[in-house]
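Heads up, the thing below is written out as structure tokens.
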Amino acid sequence: MAENPNPDVFQDAQEQVDAIAQLTQLVIQQTNTVNALLAALGNAQVGAPVAASASTFALTPGKVGAEAVIDYSTKHGSSVYKEYKAALPTVWDLKGKGLVVFIQEFLTRAQDAGWTQGTMQVTKFNNADGTPIDLITEYGKIDVDTLKAQCDVFLLPGGANFQTRATQNNKLMAECLLSSVTASAKQALIADRGQYTFDGTIYAPVLFKHMMKIATLDNKATSKWLRDQIKQMPAVMLEVKGNIDDFFNTFDKWHTQLISRGEDLDDALDCLWDGLKAAPCEKFSKWIQDKYDLHIEDDPTWGPITVEELTKRVKAKYNLMVTNKEYGSASKEQAEIIALRAQNDALKGDLKLSVAPKGNSKGDKKDKKGGEKGGKEKKTKNTKAKGDKQRQKQEESWKKTPPKDGEPTTKTVGDHTFSWCVHHMAWVWHKSKNCDLGKKRAAEQNHVSYAAAVNSAPIETGTSSNFRALMSTLAQAALDEE
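Numbered as in the numbering used here, the sequence shown ends at 490 without a single skipped number.
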């Protein structure tokens, strides 16, 4: 006979069935809730899997949600902070030479980081006249007080945009600027921190304005100086030894500073043409002259030309010629002129000796008084102490060493800045274009008898080392005369 089932077992089984039923009902309710939410959002139908949310298109992370505060607690926010506060590719020394490159790189960073767009931007302001300006390219059109007042809106407690994305943009911009300068430049900025720091907060736009002031000396005298420099582009071409990239960099540096002040030069394009025509490459100069003729004649094949378009076309031609090894340092005629000048200097010394007046030499007077045979004179050239002579020789050694191709033609020694003079062939305090010796030589070339003597002498254009040695010796003689 079978045993009666234990009533406790039936009770436990019934409880388990009830629990499963309750869990099933709960799952059904949760599923219905999820499906209802998905249907309301339009992202799914009942029973369909959850669809991925649509992505927001942007060219850079900084432009995603440019109006929203960056959440630095997230991985995305942390990466944005590290990327946009970092130093620019080229570290700047706050000098005019690197200004154009700095502005171009900083403008790119500002655009990528979202500092230039939307209501949270920190680069566009109104000047005292109410005219909108772009601080990065028109920093000379707004004064510091007007700029600071508009920055207070997002940097002072109580400001309309305080503790918003604009406040964060200011912080990123300030760190980027300070990390993009050399150590010495950063020390100078720290010393001037009172010019752009207010209530313990760095006003990044004011800091940028201050950096531009250091680099450009923002005043009317500077504007006039910039105009004068642009008008000397032929001299610039000679100083950069025909390097077209360096030529345009110099022009851009001055022209950009002039435009940033809300000014310009009406004949800037003509100044550029004049400088290009002075390029020391015969083939390139001929091409420039041909294009200039088309420009003057308004030839439709060349078209209307602007500074920017001329720069683009000339650089393309220059790069092509360099690639094809067609861009030379000087034409045959120019090389012969340089060699002719060396011959002129050598003959100049011979002619001086040949026309010296009779009966007026110290040697003759000494012979009459029973001096040494041969008319030897007492040496009086240098009566300095031996220590001074040694120091003089050391100074003369580096002063006579010319810069190598591609090296700067100016350098600082001690507290003085020296320039390489092609006339003295030595490091001196003046520039070649201001050299009195060069002007004197140009005048002497008109002397008929002197020119005849020069033309009778052979020109050796293939002895570069001899040419340098000759010019160095003559340079020392010229320095002794001074």
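Cβ coordinates follow ideal geometry from the N, Cα and C atoms, glycine included.
The closest CA to that of Y92, considering only K239, N169, T68 and E247, is found on T68. In this structure, the beta-carbon distance from W428 to P411 falls below 8 Å. Straight-line measurement puts the Cα of G422 at about 31 Å from the Cα of F256. With contacts defined as CB atoms closer than 8 Å, R201 and I78 fail to qualify as a contacting pair. In the three-state scheme derived from DSSP, where H, G and I count as helix and E and B as strand, N134 is classed as strand. When C-alpha distances from T258 are compared across M245, K323 and Q33, the shortest belongs to M245. For the pair of segments examined, the segment 105-123 was found to touch the segment 175-192: the number of CB pairs separated by less than 8 Å reaches three.
Counting only unbroken stretches of 4 or more residues, no alpha helix (DSSP H) element lies wholly within the segment 413-451. For the alpha helix (DSSP H) assignment, the uninterrupted runs of no fewer than 4 residues enclosed by the segment 117-165 are, from N- to C-terminal side, 152-163. In the structure shown, the three-state DSSP call for V322 is helix.
From the listed residues L96, V88 and Y80, the smallest Cα separation to C184 is found for L96. Fewer than three Cβ pairs drawn from the segment 269-286 and the segment 116-123 lie within less than 8 Å of each other, which leaves the two stretches out of contact.
For a cut-off of 8 Å, the C-beta gap from G126 to A74 is around 5 Å, short enough to register as a contact. Within its own chain, the residues whose Cβ lies closer than 8 Å to the Cβ of P242, once the five positions on either side in sequence are excluded, are D282, G283, K285 and A286, listed in chain order. Per DSSP, the unbroken alpha helix (DSSP H) holding F255 starts and ends at I252 to S268. Secondary structure at I304: helix, using DSSP grouped into helix, strand and coil.
Around the beta carbon of L34, a 10 Å sphere encloses fewer than 16 other beta carbons of the protein chains shown; the residue is thus reported as exposed.
The C-alpha of D275 is placed about 25 Å away from the C-alpha of C289.
For L328, the closest of G446, I252, C159 and T131 by C-alpha to C-alpha distance is I252. Rounded to the nearest angstrom, the Cβ distance from T418 to T425 is 6 Å, consistent with a contact under 8 Å. The three-state secondary structure of W281, taken from DSSP, is helix.
Exposure of A27 is indicated by the presence of fewer than 16 other C-beta atoms within 10 angstroms of its C-beta. Within the same chain, G104, L107, G148, T230, Q265 and S268 come within 8 Å of T224 by CB-CB distance, once the 5 residues on both sides are set aside.
Counting C-beta pairs with one atom in each stretch, the segment 129-149 and the segment 295-304 have fewer than three that are closer than 8 Å, which means they do not touch. In this model, G122 and N169 are separated by some 16 Å (Cα to Cα). Membership of P242 in the alpha helix (DSSP H) is indicated by the continuous run M241 to E247.
In the DSSP assignment, P213 falls within the unbroken alpha helix (DSSP H) covering A212 to T224. Distance from the CA of W406 to the CA of E415, rounded to the nearest whole angstrom, comes to 15 Å. Burial state of E247 is buried, judged by a 10 Å Cβ sphere holding 16 or more other Cβ atoms. Rounded to whole angstroms, the separation of the alpha carbons of T319 and N177 is 34 Å. Under DSSP, T205 forms a beta bridge with I210.
Within the DSSP secondary-structure output, V189 pairs in a beta bridge with W100. Rounded to the nearest whole angstrom, the C-alpha separation of D101 and T420 is 16 Å.
Leaving aside the five residues that flank T139 on each side, the residues in its chain whose CB is nearer than 8 Å to its CB run, in chain order, K149. Measuring C-alpha to C-alpha distances from T209 to each of R235, K323 and C159 identifies C159 as the nearest. Residue nearest to I313 within the set L277, T32 and I238 is L277 (criterion: CA-CA distance).
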